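Below you'll find the structure, written out as structure tokens, and then a few comments.
There are 2 protein chains.
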Amino acid sequence: MKNRQIPKGLRDLLPDEVKVKREIEKKATKLFRSYGYEEVITPAFEFLEIIETGTGEKIREELFLFMDREGGILALRPEMTVSIARLAATHLQNADFPQRLFYVANVFRYVQPHVAQYREFWQVGVELLGASGVWADAEVITIAVKALRDIGLDDFKISLNQIGIFNSLLEESRMRDDEKKLIRTLVERKDLVELSRCLENLDIDDGLKEAIARLPVLHGGLEVLDQIPYLEKNKGASKAADELVKLHDALKICNVADNIVVDMGVLRGLDYYTGVVFEGYSPGLGYGLLGGGRYDNLLEQFGFPCPATGFALGVDRLSLVLGHEEEEPVPYLIGGENFRLIIKKAEELRKQGYIVQLDVEGHSKEVLEEKIKASKRKYRLIYIEERE
Amino acid sequence: MKNRQIPKGLRDLLPDEVKVKREIEKKATKLFRSYGYEEVITPAFEFLEIIETGTGEKIREELFLFMDREGGILALRPEMTVSIARLAATHLQNADFPQRLFYVANVFRYVQPHVAQYREFWQVGVELLGASGVWADAEVITIAVKALRDIGLDDFKISLNQIGIFNSLLEESRMRDDEKKLIRTLVERKDLVELSRCLENLDIDDGLKEAIARLPVLHGGLEVLDQIPYLEKNKGASKAADELVKLHDALKICNVADNIVVDMGVLRGLDYYTGVVFEGYSPGLGYGLLGGGRYDNLLEQFGFPCPATGFALGVDRLSLVLGHEEEEPVPYLIGGENFRLIIKKAEELRKQGYIVQLDVEGHSKEVLEEKIKASKRKYRLIYIEERE
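Quick note, the sequences are listed as chains A and B, same order.
In terms of this note's numbering, the first sequence has 336 at position 336, counting the first letter as 1, and numbering is strictly consecutive.
In terms of this note's numbering, the second sequence has 1045 at position 45, counting the first letter as 1, and numbering is strictly consecutive.
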């Protein structure tokens, strides 16, 4: 017998699992369409040079790479936003209005596999291209909240931040790039002990130190913004904070503020974000369900200066939370001795919308009844005794 | 500006192209479901060792290969049947009845790109596992015909063969393996000149030579079987021919015989086929639309002896033939000065099933009217002048 292993971190989806996945995709894409978003499809792999644009160092370490026979290095896509940006710069520079695009796609990362973390996983997401301002961000966050609601999740939060706050504070600190990177990682990890140890060793303003040290624990309503010392002294940070307040107000008008938590520790792992960032999670779960934000500089790198905002939702992770609920129709199983009559009956029933399986092996009625008894599934047996 | 090229042979699908693709998938999968088939999903890549099982030499030369960091060589899947066989051997050995599975998947081949020939392309297909006999083959061929009909193609044929005829004749000839391979290629290419030149040089029975030389031109009704000299002398070939006759009778009962042509030149490029093989094409087109057949020995190689039959349909190729037909609903575009009222109106309309785009940028009525005039698309504008 040949080996039948699959590579580490991959998996097969059997019919019941596929049904859950398809239900999630159907509900999400129905919602996206109702907001005027239209689907695009990009190739499963791109030149490495494209993928490297705007994605962070962490993702670059997780790429599946291979050589193009025509020269160049290829990478399986690790996420969709960069590919959509490339697509828009290639095909949509003359398109009108803001472009509303969505996708359903598999993406690939060389991660250490564990629960809800595969090396190939599925995302649905939207990108709103060509619109800046609070109402564009409010639209995609509203869609994110409604997607989780429509899919059937009732206990979830969207953590919201504006990375201008963190970035402006760090800019003022004049840290070295490697220091910035370390601080960012520690804030994201909410590693308070290591963070304050690191900050102590830095030669920066004490007020600034205190402000950065507090970021990981600041989450709740808009009042957390008042708890950042130094904020009003830093122009960039206070401008970003004002934007966050306006966005929060907009999300109230959109009737989704109940699901929003302001969280200064959300920075997102990708380099392309420039403003609002957000993550969706469910309190009982140890992993995020969706993530997104504004990326106003990414498309420019492909020759198409254009503000943009969007999010992606992890279909596999949601599948794990939800399971299969929908009531299944019971299929017919038709057997008998005369295939002309069997096929006629089957066609009639299929035309009425029923699922009909034929006993293509020509078993007797008794055998079919036994098979149904032994099966975990239900069938409605029709046995046609009649000959012609 | 960064390069925004995509690798040779790949492409982006824009909204209108995606709509055609999704319509085809929807119609095909609805049909598959009505016959009791259920969807499975396998990983986009597998160990090379798995892919090599049963696929032909040609496909092996067309693989996208890369190294697994854990060791082993990986290949992007070039087709789905081998992966489904592996899945069934892994997960379904204790499942009941014949298993009816379908898939919608992207597959990858390093081919020379030209019209309707990409390096990543999409297939929908069915596999009927665990059933032998004429009615199993008749079922999948019937589904193939109905899929093309449902999708909207009216001028197409399915070329049908039983490769037992060709294989048995070649077996008797006692050619060397390289000679067999060459003959097979020439028969498939219908290269009559080269084929007869090759056969002349072989030291085999003259009747056999004549039989093999005629195969490429034998297509039409079942009467072509009478035109194969030597057929009745070869046990394997005449048994295979009998099966073809029975299958043809079954396809009449299934009301699809009008679309069937018997064609002795159809051998299929894959090594795993063992019996009935078929290909779908439309007379005006220079490329095939679907292909399939019986592969009774493939699952055994993964430790699960099990007869099987199925087919795959090329979604991209069908998209090229069909184009986008469905009438599009005209979306609403809502603008105004008061976002509370705009969002309320938008929500009302979405609840009624309409597609609603918001003017997130807050343009004036005049600007929106101009934008709509300049657009190639239609919009129904609602501008809410009211303040609160």
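From the three backbone atoms N, C-alpha and C, an ideal C-beta is built for every residue, glycine too.
These numbers come from a predicted model, not from an experiment.
Open item on the list: Considering only their Cβ atoms, is the gap separating B/V1262 from B/L1222 smaller than 8 Å?
Closed with: yes
- [ ] Compare the C-beta of B/Y1035 against all C-beta atoms of chain A and say whether one is closer than 8 Å.
- [x] yes
Answer yes if the segment 1370-1383 of chain B comes into contact with the segment 1312-1332 of chain B, meaning at least three C-beta pairs across the two stretches below 8 Å, and no otherwise.
-> yes
- Mind the definition here: the segment 87-100 of chain A touches the segment 123-133 of chain A only if three or more C-beta pairs lie below 8 Å; say whether that holds. yes
My guess is that A/I212 and A/L169 are in contact by the Cβ rule of under 8 Å, so how many angstroms apart are they, rounded?
6 Å
Chain B beta carbons: is any one of them nearer than 8 Å to that of A/N94? no
(Q) Can you give me the C-alpha to C-alpha distance between A/R86 and A/F47, rounded to a whole angstrom? (A) 11 Å
Discussion item. When you compare the CB positions of A/G292 and A/G56, do they come within less than 8 Å of one another, or not?
Written reply: no
- Message: At the level of alpha carbons, what is the spacing between A/G267 and A/N161?
- Response: Per the sequence shown, the amino acid found at residue 267 of chain A is Leu instead of Gly. Looking at the two C-alpha atoms, the distance is approximately 7 Å.
Return yes when the Cβ of B/I1343 is within less than 8 Å of the Cβ of A/I253, no when it is not. yes
* Asked: What residues match up with B/T1309 in a beta bridge as DSSP calls it?
  -> B/L1128 and B/R1294
Could you check whether A/I355 and B/S1034 sit closer than 8 Å to each other, using their CB atoms as the reference points?
yes
task = For the segment 1317-1383 of chain B, list the beta strand (DSSP E) runs that are entirely contained and at least 3 residues long, ordered along the chain.
result = 1332-1336 and 1356-1358
Hey, is B/R1011's beta-carbon within less than 8 Å of any beta-carbon in chain A? yes
Neighbour flag for A/H91 against chain B, beta carbons, 8 Å: yes
Report task. Note down, one range per segment and in chain order, each beta strand (DSSP E) of at least 3 residues found wholly within the segment 1064-1131 of chain B. Result -> 1065-1067, 1073-1076, 1099-1108 and 1120-1129
ask   = Skipping 5 residues on each side, what residues in its chain have a beta carbon closer than 7 Å to that of A/A240?
value = Q162, G164, I165 and S168
**Study point:** For B/Q1301 and A/F108, the rounded distance between their alpha carbons
**Key:** 29 Å
Mind checking B/P1216: buried by the 16 CB within 10 Å criterion, or exposed? buried
- Is any beta-carbon of chain B found at less than 8 Å from that of A/A391? One cannot answer for residue 391 of chain A here, as it falls past the ends of chain A, which runs 1 to 388.
(message) Suppose contacts are defined by Cβ-Cβ distances below 8 Å. Is A/M264 in contact with A/L320 by that definition?
(response) no
Please list the residues of the segment 1290-1312 of chain B that have a C-beta atom closer than 8 Å to any C-beta atom in chain A, keeping them in chain order.
Q1301, F1302 and G1303
Residues in the segment 1368-1383 of chain B having any Cβ partner in chain A nearer than 7 Å:
K1371, A1374 and S1375
Buried or exposed: which applies to A/G440, given that a residue is buried once 16 or more other Cβ atoms fall within 10 Å of its Cβ?
Lying outside 1 to 388, the shown extent of chain A, residue 440 of chain A is not represented and no answer is given.
Helix, strand or coil: how does DSSP classify B/G1236 here? helix
Query raised in the report: Exposed or buried, which one is A/R77 when buried takes at least 16 other CB atoms within 10 Å?
Result: buried
What whole-angstrom Cβ distance do A/L313 and A/Q123 have, given they're in contact under 8 Å? 6 Å
Tell me, which residues are paired with B/N1003 by DSSP?
-> Partner(s): none; B/N1003 has no beta bridge.
Just to check my reading of the structure: B/E1243 and B/G1286 have Cβ atoms closer than 8 Å, yes? What is that Cβ distance to the nearest angstrom? Not quite, the Cβ-Cβ distance comes to about 31 Å (not below 8 Å), so this is no contact.
*asked:* So with CB distances below 7 Å, who are the chain A contacts of B/A1136?
replied: V360
- Task: Excluding the 5 residues preceding and the 5 following B/C1198 in the sequence, name in chain order all residues of the same chain whose CB lies nearer than 7 Å to its CB.
- Result: L1182, I1183 and L1186
*For B/V1193, three-class secondary structure by DSSP*: helix
What residues of chain A sit near B/R1350, judged by a beta carbon separation below 8 Å? S34 and Y35
Practice item. Just the C-alpha distance for B/Y1272 and B/D1177, rounded to the nearest angstrom, thanks. Key: 16 Å
TODO: Starting from A/L182, follow the alpha helix (DSSP H) in both directions and report where the run begins and ends.
DONE: D177 to E188
Inset, instruction - Using the Cα positions of A/V220 and B/I1151, report the straight-line distance between them to the nearest angstrom. - result: What sits at residue 220 of chain A in the sequence shown is Gly, not Val. Cα to Cα, A/G220 sits roughly 53 Å from B/I1151.
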